[in-house]
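Colleague: If you count the sequence shown from 1, position 13 lands on 86 in this note's numbering, and the numbers rise without skipping.
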Amino acid sequence: MKLDSEADRQAFLAKAGRTLLSSLDYRETLQRLADLAVPVLGDWCAVDMVREDGGYARLAVAHSDPHKVQLAHELWERYPPRPTDPIGLANVIRTGVPEMLGEIPAELLETSAQDPEHLAILKSLGLKAYMVLPLTAKGTVLGALTLVQAESGRSYR
Numbered sequence: 074m075k076l077d078s079e080a081d082r083q084a085f086l087a088k089a090g091r092t093l094l095s096s097l098d099y100r101e102t103l104q105r106l107a108d109l110a111v112p113v114l115g116d117w118c119a120v121d122m123v124r125e126d127g128g129y130a131r132l133a134v135a136h137s138d139p140h141k142v143q144l145a146h147e148l149w150e151r152y153p154p155r156p157t158d159p160i161g162l163a164n165v166i167r168t169g170v171p172e173m174l175g176e177i178p179a180e181l182l183e184t185s186a187q188d189p190e191h192l193a194i195l196k197s198l199g200l201k202a203y204m205v206l207p208l209t210a211k212g213t214v215l216g217a218l219t220l221v222q223a224e225s226g227r228s229y230r
């Protein structure tokens, strides 16, 4: 599904609305929403929420390749976001300000990687662009939705 016309956008929003109302299980609903976002809004989609202890919980990941979904879960466990990260998930949750990068420079991967193996994995994924959107309720940031462009070669403007 492309979102080239107003009718396409309305159809996508209607489908997203039905998805949100389809289950009382919030994890299932968030996973369905992430699945719906791929590949329409990004090649990757993740939904992360703030835990009571201030850490982050990854509640949903979507990609067209199930092996990459598994890799995303493994990376999350091995290299969790650091609360002090100046960009990305932690920054958006901390500030409540959306973040978008139309092109991910190699230097960003180098400064974001937690060790050489992490950097090699990030480079192998071919990440091109990303946006992280805060999920808020009543003025409180509850988590974030992350969309990433990679193998499609698309970008965000």
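Heads up, the beta-carbon is just placed ideally off N, CA and C, and yes, glycines get one too.
If you check the beta carbons only, do R100 and A133 fall under 9 Å apart?
Modeller: Yes, the Cβ-Cβ distance between R100 and A133 is below 9 Å.
Colleague: Please name the residue, chosen from P159, A130 and T184, that lies closest to E172 on a Cα-to-Cα basis.
Modeller: Of P159, A130 and T184, the residue nearest in Cα terms is P159.
Colleague: In its own chain, which residues sit with a C-beta less than 7 Å from the C-beta of L206, not counting the 5 before and 5 after it?
Modeller: Contacts found: P171, A217 and L218.
Colleague: Taking DSSP's pairing of strands, which residues face L220 in a bridge?
Modeller: Its beta-bridge partners are C118 and M204.
Colleague: Using the three-state DSSP reduction, which class does R124 fall into: helix, strand or coil?
Modeller: DSSP places R124 in coil when its eight states are reduced to three.
Colleague: Please report the straight-line C-alpha distance between Y203 and L162, rounded to a whole angstrom.
Modeller: When rounded, the distance between both Cα atoms is 11 Å.
Colleague: Which one or two residues does DSSP pair with L174 in a beta bridge?
Modeller: Y203.
Colleague: I'd like the span of the alpha helix (DSSP H) that includes V142, first residue to last.
Modeller: Counting along the chain, the alpha helix (DSSP H) containing V142 begins and ends at P139 to R151.
Colleague: Considering Y129, what are the terminal residues of the beta strand (DSSP E) in which it resides?
Modeller: Element bounds for Y129: Y129 to H136.
Colleague: Is the beta carbon of K201 sitting closer than 9 Å to the one on R227?
Modeller: Contact: yes.
Colleague: If you reduce the DSSP assignment to three classes, tell me which class T209 lands in.
Modeller: T209 falls in the strand class under three-state DSSP.
Colleague: Do D116 and S137 come within 9 Å of each other at the CB atom, strictly closer than that value?
Modeller: In contact: S137 and D116 (Cβ atoms closer than 9 Å).
Colleague: Taking Y129 as the reference, which of K141, P156 and L114 has the closest Cα?
Modeller: Nearest C-alpha to Y129: P156.
Colleague: Between the alpha carbons of A84 and A145, how many angstroms are there, rounded?
Modeller: Taking the straight line joining both Cα atoms gives about 29 Å.
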